[in-house]
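Trainee: First the structure, then my questions, so here it is.
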Amino acid sequence: MSQAKSIDMDYAAYEMRDIMLRSRVVAWLVLASYYATLGMAYIFDLSPEARRFYLWIYGVGSITSLIVCIALHISKSLIWRFSLPIVATTPVLAEAAFFQPLNGAVFWWSVFVAGYAAILFLNKEERAAVFALPIIVGLGGGVVLLLHPKIASLPANPISHGVFRYSVLQIAMIVAAIVGLLQYNYIRQWLLNREMQLSDALARQEEANAQLLAEKQLSEQRRQQVEAALVQIEQLREQERLSREREAFLVRYETLMRKGYTLSLEEFADQLLIELSKDITIFGGIFYVRDGQGWVVKASYAFPEKVGTYVSGGTLRTAEVVRQPYLISPAPMATIDIRSGLLRPRPKGVLYLPFYSEVTHEVACIVEVVLAETLKPETIERLEALLPRIGTYWWVRSQSLQKSSIHS
239 MSQAKSIDMD YAAYEMRDIM LRSRVVAWLV LASYYATLGM AYIFDLSPEA
289 RRFYLWIYGV GSITSLIVCI ALHISKSLIW RFSLPIVATT PVLAEAAFFQ
339 PLNGAVFWWS VFVAGYAAIL FLNKEERAAV FALPIIVGLG GGVVLLLHPK
389 IASLPANPIS HGVFRYSVLQ IAMIVAAIVG LLQYNYIRQW LLNREMQLSD
439 ALARQEEANA QLLAEKQLSE QRRQQVEAAL VQIEQLREQE RLSREREAFL
489 VRYETLMRKG YTLSLEEFAD QLLIELSKDI TIFGGIFYVR DGQGWVVKAS
539 YAFPEKVGTY VSGGTLRTAE VVRQPYLISP APMATIDIRS GLLRPRPKGV
589 LYLPFYSEVT HEVACIVEVV LAETLKPETI ERLEALLPRI GTYWWVRSQS
639 LQKSSIHS
């Protein structure tokens with residue numbers, strides 16, 4: 239569309255240059271006709287009154303024509319182009335008004351000149367002036383028709399009604415018609431060329447739009463691919479981070495189990511609770527070991543008074559059955575009351591970790607901790623990976639101690 243607009247602007251500029259050229263040429267021709275008519279007034283045998291009339295109309299009146307000629311070389315204003323056909327027809331209509339008999343041909347000639355001038359000297363943006371020009375000249379002719387019976391006082395002469403002048407007018411009309419036809423053919427050819435240019439411009443614009451749309455779609459696809467790749471990379475990084483943290487988590491407990499061979503089972507249980515307190519924020523914890531049909535507290539974290547306590551059934555039985563981290567959240571109202579001199583915090587939940595042997599598939603020990611914060615899913619997943627490892631470790635060491643006691 240920008241190319242089509244550029245074509246319109248170029249044509250408008252060319253049209254205005256062409257109009258101004260025609261206007262200036264015609265303006266000088268009109269001025270020359272003034273002086274030619276004034277010269278004929280002194281060549282032909284006219285009455286003093288008639289010569290005086292031509293002197294005023296074409297001699298003094300030529301000043302107006304000269305002003306229009308000069309103004310057209312200085313300005314492109316509509317007023318000077320609009321004035322040109324009026325300056326050309328006014329003296330002829332004045333002749334028709336003052337000379338007898340009435341020369342009717344002057345009226346249609348003046349209207350034709352006005353209409354033809356509107357086509358030649360005005361552009362399409364000046365539509366109001368195009369219609370106003372022949373109307374104004376036509377109204378002037380109407381005024382002449384009304385005033386002629388009252389003001390016509392001069393007899394006909396070779397200039398006002400002679401063959402020579404009207405032969406010149408006839409030739410001028412023929413030349414004007416030929417120029418109009420040529421101008422029409424030029425305009426029609428230009429319109430055809432412009433239509434072709436516009437069609438080509440629109441086709442190129444549509445092709446450019448289609449190419450731009452395709453590039454935009456391709457760019458959008460690439461953007462989506464890049465975003466998907468970035469998301470995938472971020473997911474892989476996150477998985478790698480979680481994997482490293484999980485491996486580091488398990489390595490610490492493997493290290494604890496290796497060092498645990500130098501410790502008693504009770505000391506290992508204490509160290510296990512301390513290690514768990516580093517990975518999850520807890521208010522306290524208890525380490526249970528099977529004792530017959532129930533469970534006895536072997537170690538504790540923050541609850542030393544619970545060591546040696548015997549418990550059976552309940553949530554410990556549930557944890558034993560599910561053999562995976564068993565979380566009760568929110569913490570039941572009966573959860574042990576934890577307080578300090580300033581605080582009485584509310585536990586977020588109670589977590590049970592049933593450690594089971596991979597050999598017997600039985601739960602060997604259970605850890606119960608009171609949580610101070612909500613656990614993340616990845617933390618629970620890591621703790622679940624510890625259950626068979628520590629359970630098997632505890633079962634192996636328990637079996638070793640039993641065999642040692644038997645042999646001793």
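Last residue of the sequence shown: number 646 in our numbering, and the count goes up by one each step with no gaps.
C-beta: ideal position from N, C-alpha, C; glycine also.
Going straight from the alpha carbon of residue 441 to that of residue 447, what length do you get?
Mentor: Here residue 441 refers to the residue found at position 203 of the sequence shown. Here residue 447 refers to the residue found at position 209 of the sequence shown. Each residue's alpha carbon lies about 10 angstroms from the other.
Trainee: Candidates 370, 520, 387 and 393: which alpha carbon is nearest residue 291's?
Mentor: Residue numbering aside, residue 291 sits at position 53 when the sequence shown is read from its first letter. Of the listed residues, the one whose Cα sits closest to residue 291 is 393.
Trainee: Would you call the segment 587-607 and the segment 510-523 in contact, with 3 or more CB pairs under 8 angstroms?
Mentor: Because the criterion of three Cβ pairs below 8 angstroms is met, the segment 587-607 and the segment 510-523 touch.
Trainee: Please classify residue 478 as buried or exposed, where buried requires at least 16 other C-beta atoms within 10 Å of its C-beta.
Mentor: Sequence index remark: in the sequence shown, residue 478 carries index 240 (1-based). Counting Cβ neighbours within 10 Å, residue 478 comes out exposed, since fewer than 16 surround it.
Trainee: Below 7 angstroms CB to CB, which residues in the same chain sit around residue 541 once its five sequence neighbours on both sides are set aside?
Mentor: Numbered from 1 along the sequence shown, position 303 holds the residue referred to as residue 541. 522 and 524, listed in sequence order.
Trainee: Going by DSSP, what residues sit across from residue 606 in a beta bridge?
Mentor: Here residue 606 is taken as the residue at index 368 of the sequence shown, counted from 1. Answer is 524 and 590, bridged to residue 606.
Trainee: Hey, how far is the Cα of residue 620 from the Cα of residue 453?
Mentor: Your numbering for residue 620 matches position 382 in the sequence shown. Your numbering for residue 453 matches position 215 in the sequence shown. Roughly 48 angstroms between the two C-alpha positions.
Trainee: Please report the distance separating the alpha-carbon of residue 239 from that of residue 451.
Mentor: The residue given as residue 239 occupies position 1 in the sequence shown. The residue given as residue 451 occupies position 213 in the sequence shown. Interpretation of residue 239 is limited by its pLDDT of 47, a score under 50 that renders its predicted location unreliable; no figure is taken from the coordinates.
Trainee: How far does the alpha helix (DSSP H) with residue 559 in it extend, from its first residue to its last?
Mentor: Locating residue 559 in the sequence shown gives position 321, where the first residue counts as 1. Here the alpha helix (DSSP H) through residue 559 covers 552-560.
Trainee: With DSSP collapsed to three states, give me the class of residue 478.
Mentor: Working through the sequence shown from its first residue, we reach residue 478 at position 240. Looking at residue 478 - three-state DSSP - the assignment turns out to be helix.
Trainee: Of all the options 366, 560 and 279, which has the alpha carbon lying nearest to the alpha carbon of residue 622?
Mentor: Position 384 of the sequence shown holds residue 622. The candidate whose alpha carbon is nearest that of residue 622 is 560.
Trainee: Only counting the same chain, and skipping five residues up and downstream in sequence, which positions put a Cβ closer than 8 angstroms to that of residue 329?
Mentor: The sequence position of residue 329 within the sequence shown is 91, counting from 1. Excluding sequence neighbours, residue 329 sits near 272, 275, 295, 296 and 299.
Trainee: When you compare only the Cα positions, how much space is there between residue 352 and residue 342?
Mentor: Here residue 352 refers to the residue found at position 114 when the sequence shown is read from its first residue. Here residue 342 refers to the residue found at position 104 when the sequence shown is read from its first residue. Looking at the two C-alpha atoms, the distance is approximately 16 angstroms.
Trainee: Suppose the cutoff is 6 angstroms on Cβ atoms and the five residues either side in sequence are ignored; what does the same chain contact list for residue 388 look like?
Mentor: On the sequence shown, residue 388 is found 150 positions in, with the first residue counted as 1. Answer for residue 388: no residue qualifies.
Trainee: Going by beta-carbon coordinates alone, are residue 605 and residue 594 separated by less than 7 angstroms?
Mentor: As a position in the sequence shown, residue 605 is number 367, starting the count at 1. As a position in the sequence shown, residue 594 is number 356, starting the count at 1. No. Outside cutoff.
Trainee: Got a sec, what are the start and stop residues for the alpha helix (DSSP H) residue 306 sits in?
Mentor: If you number the sequence shown from 1, residue 306 lands on position 68. Where residue 306 is concerned, the enclosing alpha helix (DSSP H) stretches over 300-312.
Trainee: What do you get for residue 279, buried or exposed, if any count of 16 or more other CB atoms within 10 angstroms of its CB means buried?
Mentor: What you label residue 279 is simply residue 41 of the sequence shown in a count that begins at 1. The residue is buried, with at least 16 neighbouring Cβ atoms inside 10 Å.
Trainee: Among 334, 473, 543 and 510, which has the Cα closest to the Cα of residue 398?
Mentor: Counting from 1 along the sequence shown, the entry for residue 398 is found at position 160. Of the candidates 334, 473, 543 and 510, the one whose C-alpha sits nearest the C-alpha of residue 398 is 334.
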